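Everything on this sheet refers to the single structure shown next.
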Amino acid sequence: MRTPPNESLSSDIVEAPKARKASEPERRCVISGQTGPREELVRLAVSPSGLVLPDAQEKAPGRGAWVGENRAGLEAALANGKLKSGLSRAFKTGDLEIPETLPQMVQDALTRVLLDRLGLEMRVGGLILGTQRIAEAARGGAVVLLLHASDASEDGRKKLDQAWRVGREAEGSGERGLELPLDRNALSVALGRDNVVHLALAEDASATRVIKPLTRLMHYLGQEFPAGMAPR
702 MRTPPNESLS SDIVEAPKAR KASEPERRCV ISGQTGPREE LVRLAVSPSG
752 LVLPDAQEKA PGRGAWVGEN RAGLEAALAN GKLKSGLSRA FKTGDLEIPE
802 TLPQMVQDAL TRVLLDRLGL EMRVGGLILG TQRIAEAARG GAVVLLLHAS
852 DASEDGRKKL DQAWRVGREA EGSGERGLEL PLDRNALSVA LGRDNVVHLA
902 LAEDASATRV IKPLTRLMHY LGQEFPAGMA PR
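With the working numbering, you'll find the sequence shown wraps up at 933, consecutive numbering, no jumps.
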């Protein structure tokens, strides 16, 4: 994130620098005052009663406030009052109720959005499941994004990573599939399949749709989406 210009905090869109395209808006974090890409920040909304809630799908009506801190930063801001101060300015009211469990609520909401997206991609045929199917598709160059459950075995990862590198003509590069911040149980329940350990996406459009919520969740958890992992 970059240091913001000298002006009051706001949850509104920040005017994009000339180097950025108009289609790539930035948002300003109400805690730090720094700006960053929208996909790295989380929107918070307030109910008519003043309850602050995560709006991971960015669909809640009315004024929103954006948080760019990771979970540890949000927890600290909640404890020291910086979160309430920033939200009071953003929502133009001090009559707010901020749940103590907000950091976990944000994580749960971001996780749900990612799992829902994976479920949608599976229903439209965008996901490849099953180690053998993924390996065959990967060797044939038909996999643009390879994902592993957090508890996938190292041996299973290595075999699919190697097949993926062969298909991408990237042998010797050390490129690896991405470890998801989700275990096989969470993936299996969300997708309605048994023992989902590895996933692959064959289309750039599908991969891009998954990368958006995945990037936001990883950023919130203090992780970064690896450079070069985007579809190419």
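All C-beta atoms, glycine included, are put in the ideal place defined by N, C-alpha and C. Predicted model, so just to flag it, every value in this text is computed and none were measured.
Backbone CA spacing between residue i and residue j [nearest angstrom]
i	j	result
ASN781	ASN771	16 Å
SER786	GLY774	15 Å
LEU779	ILE799	8 Å
VAL807	GLY842	36 Å
LEU918	LEU811	6 Å
ARG728	ARG739	6 Å
GLU872	ARG866	5 Å
ARG790	VAL768	13 Å
ILE732	ARG818	29 Å
PHE926	THR916	6 Å
ALA908	LEU797	38 Å
GLY734	ALA757	20 Å
ASP809	LEU922	11 Å
PRO749	VAL743	20 Å
ASP862	GLU870	12 Å
THR986	LEU784	Examination of residue 986 is not possible in this model, given that the chain is present from 702 through 933 alone.
ALA864	SER874	13 Å
VAL684	PRO726	Any answer about residue 684 is impossible in this case: the structure gives the chain only from 702 up to 933.
7 Å CB neighbourhood of residue i in its chain, flanking five on each side removed
i	result
SER851	GLU880, LEU881, PRO882, LEU883, ASP884
LEU830	ARG894, VAL897, LEU900
ARG891	Note that residue 891 is Ala in the sequence shown here, rather than Arg. Cβ within range, chain order: LEU816, LEU819, GLY820.
ALA906	none
SER889	ASP895, ASN896, VAL897
Sheet register partners of residue i (DSSP bridge)
i	result
HIS849	GLU880, HIS899
GLU822	Bridge partners of GLU822: none, in fact.
LEU828	LEU902
GLU798	LEU752
VAL768	VAL743
Nearest candidate by alpha-carbon position, reference residue i, set the options
i	options	result
GLY893	GLU925, ARG824, ALA864, PRO927	ARG824
GLU822	GLN805, ARG917, LEU846, GLY923	LEU846
LEU816	PRO914, GLU741, GLY878, GLU727	PRO914
ALA746	ASP856, LEU803, LYS783, GLU727	LEU803
GLU855	VAL743, ARG764, HIS899	HIS899
GLU876	ILE829, ALA903, ALA839, ILE912	ALA839
GLN805	GLU776, THR909, ARG858, GLY765	GLU776
CYS648	VAL911, GLU801, LEU788	Here the chain comprises residues numbered 702 to 933, so residue 648 is not present and cannot be evaluated.
GLY878	SER889, GLU870, LYS860	LYS860
GLY795	GLY763, GLU759, GLY751	GLY751
GLY868	GLU837, ALA887, LEU888, SER889	GLU837
ILE835	SER874, LEU902, GLU759	LEU902
ARG910	GLY737, LEU754, LEU828, THR736	LEU828
GLY957	LYS783, GLU741, LEU784, PHE792	Because residue 957 is not part of the residues shown, which for the chain are 702 to 933, the question remains open.
GLU759	THR832, GLU801, VAL814, GLY737	VAL814
HIS920	VAL753, PRO726, GLU741	GLU741
Sequence-distant residues of its chain with Cβ nearer than 8 Å to residue i (five each side left out)
i	result
ALA853	GLU880, ARG885, VAL898, HIS899
GLY763	ALA746, VAL747
Close Cβ partners of residue i (< 6 Å) along its chain, the five nearest in sequence each way excluded
i	result
HIS849	ARG858, GLY878, GLU880, HIS899
ALA761	ALA746
Residue i: CB within 7 Å of a non-hydrogen atom of the ligand MN
i	result
PRO804	Of the ligands one can find in the structure shown there are none, so the ligand MN has no counterpart to examine.
Quiz prompt | Segments assigned beta strand (DSSP E), at least 3 residues, entirely inside the segment 722-765 | solution = List check, beta strand (DSSP E) in window: 727-729, 736-738, 743-747, 753-755.
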